[in-house]
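So the structure is just underneath, and the comments pick up after that.
Protein chains: 2
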Amino acid sequence: MEFTSNKNNMVYGVQVAQRAVSPKNPLPILSGILMKLKNNNLCLTATDLELGIECTVPVNGSSEGSVVLPAKYLSEIVRKLPDVLIEFSVEKENNVATLKYAQSKTTIHGYPADEFPLLPSLDGETTYVIKQELFKNMIKQVTFATAADENRPIFTGVLFEVEGDELRLVATDTHRLALRIGAIGSHGYSGEKTSALIPAKALNEIVRIMPPENEEVKIIFSNNQVVMELDNIRLISRLIEGQFPNYKQVIPQGCKSKIRLNTREFLDAVERASLLAKDGSNVIRLAVQNHTLIINSNSPDIGTIHEELPIVLEGEETQIAFNSKYLIDVLRVIDAEEVFLELTGSLSPGIVKPVEGDNYLYLILPVRTV
Amino acid sequence: MEFTSNKNNMVYGVQVAQRAVSPKNPLPILSGILMKLKNNNLCLTATDLELGIECTVPVNGSSEGSVVLPAKYLSEIVRKLPDVLIEFSVEKENNVATLKYAQSKTTIHGYPADEFPLLPSLDGETTYVIKQELFKNMIKQVTFATAADENRPIFTGVLFEVEGDELRLVATDTHRLALRIGAIGSHGYSGEKTSALIPAKALNEIVRIMPPENEEVKIIFSNNQVVMELDNIRLISRLIEGQFPNYKQVIPQGCKSKIRLNTREFLDAVERASLLAKDGSNVIRLAVQNHTLIINSNSPDIGTIHEELPIVLEGEETQIAFNSKYLIDVLRVIDAEEVFLELTGSLSPGIVKPVEGDNYLYLILPVRTV
Numbered sequence: 001m002e003f004t005s006n007k008n009n010m011v012y013g014v015q016v017a018q019r020a021v022s023p024k025n026p027l028p029i030l031s032g033i034l035m036k037l038k039n040n041n042l043c044l045t046a047t048d049l050e051l052g053i054e055c056t057v058p059v060n061g062s063s064e065g066s067v068v069l070p071a072k073y074l075s076e077i078v079r080k081l082p083d084v085l086i087e088f089s090v091e092k093e094n095n096v097a098t099l100k101y102a103q104s105k106t107t108i109h110g111y112p113a114d115e116f117p118l119l120p121s122l123d124g125e126t127t128y129v130i131k132q133e134l135f136k137n138m139i140k141q142v143t144f145a146t147a148a149d150e151n152r153p154i155f156t157g158v159l160f161e162v163e164g165d166e167l168r169l170v171a172t173d174t175h176r177l178a179l180r181i182g183a184i185g186s187h188g189y190s191g192e193k194t195s196a197l198i199p200a201k202a203l204n205e206i207v208r209i210m211p212p213e214n215e216e217v218k219i220i221f222s223n224n225q226v227v228m229e230l231d232n233i234r235l236i237s238r239l240i241e242g243q244f245p246n247y248k249q250v251i252p253q254g255c256k257s258k259i260r261l262n263t264r265e266f267l268d269a270v271e272r273a274s275l276l277a278k279d280g281s282n283v284i285r286l287a288v289q290n291h292t293l294i295i296n297s298n299s300p301d302i303g304t305i306h307e308e309l310p311i312v313l314e315g316e317e318t319q320i321a322f323n324s325k326y327l328i329d330v331l332r333v334i335d336a337e338e339v340f341l342e343l344t345g346s347l348s349p350g351i352v353k354p355v356e357g358d359n360y361l362y363l364i365l366p367v368r369t370v
Numbered sequence: 001m002e003f004t005s006n007k008n009n010m011v012y013g014v015q016v017a018q019r020a021v022s023p024k025n026p027l028p029i030l031s032g033i034l035m036k037l038k039n040n041n042l043c044l045t046a047t048d049l050e051l052g053i054e055c056t057v058p059v060n061g062s063s064e065g066s067v068v069l070p071a072k073y074l075s076e077i078v079r080k081l082p083d084v085l086i087e088f089s090v091e092k093e094n095n096v097a098t099l100k101y102a103q104s105k106t107t108i109h110g111y112p113a114d115e116f117p118l119l120p121s122l123d124g125e126t127t128y129v130i131k132q133e134l135f136k137n138m139i140k141q142v143t144f145a146t147a148a149d150e151n152r153p154i155f156t157g158v159l160f161e162v163e164g165d166e167l168r169l170v171a172t173d174t175h176r177l178a179l180r181i182g183a184i185g186s187h188g189y190s191g192e193k194t195s196a197l198i199p200a201k202a203l204n205e206i207v208r209i210m211p212p213e214n215e216e217v218k219i220i221f222s223n224n225q226v227v228m229e230l231d232n233i234r235l236i237s238r239l240i241e242g243q244f245p246n247y248k249q250v251i252p253q254g255c256k257s258k259i260r261l262n263t264r265e266f267l268d269a270v271e272r273a274s275l276l277a278k279d280g281s282n283v284i285r286l287a288v289q290n291h292t293l294i295i296n297s298n299s300p301d302i303g304t305i306h307e308e309l310p311i312v313l314e315g316e317e318t319q320i321a322f323n324s325k326y327l328i329d330v331l332r333v334i335d336a337e338e339v340f341l342e343l344t345g346s347l348s349p350g351i352v353k354p355v356e357g358d359n360y361l362y363l364i365l366p367v368r369t370v
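Residue numbers (my numbering), protein chains in the order written: chain A, 1 to 370; chain B, 1 to 370.
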């Protein structure tokens, strides 16, 4: 294996692939990146067996081949290289890679490429296609509502549901639920409804490595895996097994109090109130009056906060208590100048949604206070 | 106590003073910031009894007084305030502070001001005056060479030595030594030589809080304390007791090999070599040949690096091994396009200094290798 490359392409490819390397993987070869040269394309692959990332970068190939190099050292070294032409070669017998740059050189001991697990190449029947900017936005507006606790795997995933040309992403940790609807296209669509549970981690990763110049994301499902394809990147993830709760059932139809208010002012006030809600498990109290939303929190021995915000109220005056974190999370990503807060008494879930448009809904359970 | 203030002045004052609050201080009142209003000046003070910081900001005072408020909550809250006029008042009877902003307000429970320790007001006989930019630069070029280990307190300090109009800062951790010389002025100079050991921590703090628009730093010593004054800030630190080693004795006069090379190229090469020197306690090997410096490092099982740099050599060819960290530290701060590396065989200390000027010297002990 032999090629030359500029520094930036090497750094980029290694950094993208490296995101799939788990630092605590017990299999030594999985701490490595598989480098595979074919013509003038260098394909870099890493996987922790749950998630795999493949990134292809252009180089000047002169002899094909492959090797697995330790991700940590490879990445530290290429980042520190001078910005000159890098000559890369691997001795087939012992898998030692040599990088020559200017008058200097480094050698890195690798592993045989054939010991590296193969990433499956999926040929699903249905390929979905979605605009990258939209997909990114949809992912950001739901993944935060998943649970971190791996003991209930279903809640660490995002439901990916397609019906016709509508994609719905749904996430819940049982305390709150986020639902985002967007337009999706498909090739070879079978007419059946697709419903799959993608790990939030895989979705957050694809957002992180989306190149700004890439326009569309292709999404292909097989039995228990999903592939997301960008121009030069493929991300493969296992799907989560199990039955996602029936989210439609829990979304209330209508409300008794519909409050319209400025998103940014709401967020700032809740953030301040949360500073003194620490000792009471983040509980803040909302009281809805005719033209005013009052937010109160207090930490005994430390202090209190009393916030007043102008609102437009349709319906009844009411009051309710929330975990401030769950409100802050949604107000940070909702991407609308004004929101509706819909309430039905202090025991029913609240709904947050943008005033304009109908493509986002966030449900949040109240905290019962004495 | 009552005043109004804009948000930015409050945030600034609290953040500067807060740097002297130690999060693990066992005395509750020391987790607080003393706020003292006199006329239109709000003075904020914090201390961990080793280091104290006082910052004065302009406000619109209407009733004088003082209180101690918990630094953590005060700082979180003022940072989150809206950018409006803040009305600040304290109830004398119970030390509860109220901040009103727009329609909202917060209360914070405080401590009585008279329980807060007094920072000494030093009236030393000699006041030194030094340009802020120069002092900052001098501090950055020596403090990194101090030891972190509090068991040998002398080596956690920087020697501050004045003779005539020359200030020398010296730091060592016994493996390397940094010496920086600069010009200093004085008022009421007694003619005696000043020699004091200032904790590196206090010097690093004063650099961090230097306002860009401040031009001079006043430095006043008493028996066991030092005060550094900026326009609106006073930093007070205890001095370290004990005898600093005789640094002049360890600096070699002359050398057998004088190597001139580009600072940036040297730094980059040493940084790369250090990546594969990890398993051998950071040891890199330098070989000086006629026109070339060769740097080698290797980690068994991982790989090797071989770097070649162009140099101008005066004197003998030689070789030596160093801890790469000690070289990287100095090359990052030396602030000169080219440096001299002066060597006298592989067992004597090496010297790094700028090619231009005579105000900086860094000594580094070699590593003995088999």
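Glycine is no exception: its CB is placed at the ideal position from the N, C-alpha and C atoms.
| Item | Value |
| --- | --- |
| Going along the chain, which residues of the segment 101 to 130 of chain A sit with their C-beta nearer than 7 Å to a C-beta in chain B? | 103, 104, 105, 106, 107, 108 and 109 |
| On the DSSP bridge assignment, give the partners of residue 290 of chain B in chain order. | Answer is none; residue 290 of chain B lacks a bridge partner. |
| Figure out for me which residue from B/78, B/115, B/184 and B/148 has the closest Cα to the Cα of residue 163 of chain B. | B/184 |
| Write down the C-beta distance between residue 68 of chain A and residue 110 of chain A rounded to the nearest angstrom, noting that I regard them as a contact closer than 8 Å. | 5 Å |
| Can you pull the chain A neighbours of residue 70 of chain B, defined as C-beta to C-beta under 9 Å? | 302 and 303 |
| Against chain B, does residue 275 of chain A count as a neighbour if the rule is that its beta carbon must be under 8 Å from one of theirs? | yes |
| By alpha-carbon positions, which one of B/44, B/10 and B/155 ends up nearest to residue 199 of chain B? | B/155 |
| Closer than 9 Å between beta carbons: that is the criterion. Which residues of the segment 304 to 329 of chain A meet it against chain B? | 304, 305, 306, 307, 308, 309 and 310 |
| Alpha carbon to alpha carbon, how far is residue 17 of chain A from residue 203 of chain A? | 15 Å |
| Assign residue 391 of chain B to buried or exposed, taking buried as 16 or more other Cβ atoms, counted over all protein chains shown, within 10 Å of its Cβ. | Past the edges of chain B, shown from 1 to 370, lies residue 391 of chain B, and the structure says nothing about it. |
| If the cut is a Cβ gap below 8 Å, which residues of chain B does residue 268 of chain A touch? | 80 and 82 |
| With DSSP collapsed to three states, give me the class of residue 115 of chain A. | helix |
| Go ahead and pull the three-state DSSP assignment for residue 367 of chain A. | coil |
| Below 8 Å between beta carbons: does that hold for residue 119 of chain B and residue 13 of chain B? | no |
| Between which two residues does the alpha helix (DSSP H) harbouring residue 9 of chain B extend? | 7 to 18 |
| Need the endpoints of the beta strand (DSSP E) that residue 106 of chain B sits in, please. | 104 to 109 |
| Counting only Cβ-Cβ distances shorter than 8 Å, please list the residues of the segment 22 to 50 of chain B near chain A, keeping chain order. | none |
| So is residue 254 of chain A buried or exposed if we call it buried at 16+ other beta carbons inside 10 Å? | exposed |
| Should the segment 214 to 223 of chain B be called in touch with the segment 327 to 340 of chain B, which here means at least 3 C-beta pairs below 8 Å? | no |
| Give me the subset of the segment 216 to 247 of chain B whose CB atoms are less than 9 Å from a CB atom of chain E, sorted by chain position. | Annotation note: the requested chain E is absent from the structure, which comprises protein chains A and B. |
| Ends of the alpha helix (DSSP H) at residue 237 of chain A? | From DSSP, residue 237 of chain A is part of no alpha helix (DSSP H) but of the beta strand (DSSP E) over 233 to 238. |
| Taking only three categories from DSSP, how would you classify residue 180 of chain A? | strand |
| Do residue 54 of chain B and residue 233 of chain B have their C-beta atoms closer together than 8 Å? | yes |
| Does residue 285 of chain B get closer than 8 Å to chain A when you measure Cβ to Cβ? | no |
| Kindly indicate which three-state DSSP category residue 135 of chain A falls into: helix, strand or coil? | helix |
| Which residues, in chain order, does the segment 127 to 157 of chain A contribute to contact with chain B at a C-beta distance below 8 Å? | none |
| Could you check whether the segment 137 to 146 of chain B touches the segment 230 to 246 of chain B, counting it as contact only if at least three pairs of C-beta atoms, one from each stretch, sit closer than 8 Å? | no |
| Residues bridged to residue 322 of chain B by DSSP? | B/284 |
| CB residue 171 of chain B to CB residue 239 of chain B, shorter than 8 Å? | no |
| Between residue 65 of chain A and residue 92 of chain A, is the Cβ-Cβ spacing less than 8 Å? | yes |
| Does residue 271 of chain A have its Cβ less than 8 Å from a Cβ in chain B? | yes |
| For residue 193 of chain A, write down the residues that DSSP places opposite it in a beta bridge. | Paired residue(s): none; residue 193 of chain A is not in a bridge. |
| Note down the Cα distance separating residue 25 of chain B from residue 325 of chain A, rounded to an integer number of angstroms. | 29 Å |
| Residues of chain A with CB closer than 9 Å to the CB of residue 362 of chain B, please, in chain order. | Here the premise fails: no neighbours, minimum Cβ distance about 22 Å. |
| For residue 136 of chain A, which residues from the same chain have a beta carbon less than 8 Å from its beta carbon, with the 5 sequence-adjacent residues on both sides left out? | 207 and 210 |
| Please list the terminal residues of the continuous beta strand (DSSP E) segment that includes residue 304 of chain A. | 303 to 310 |
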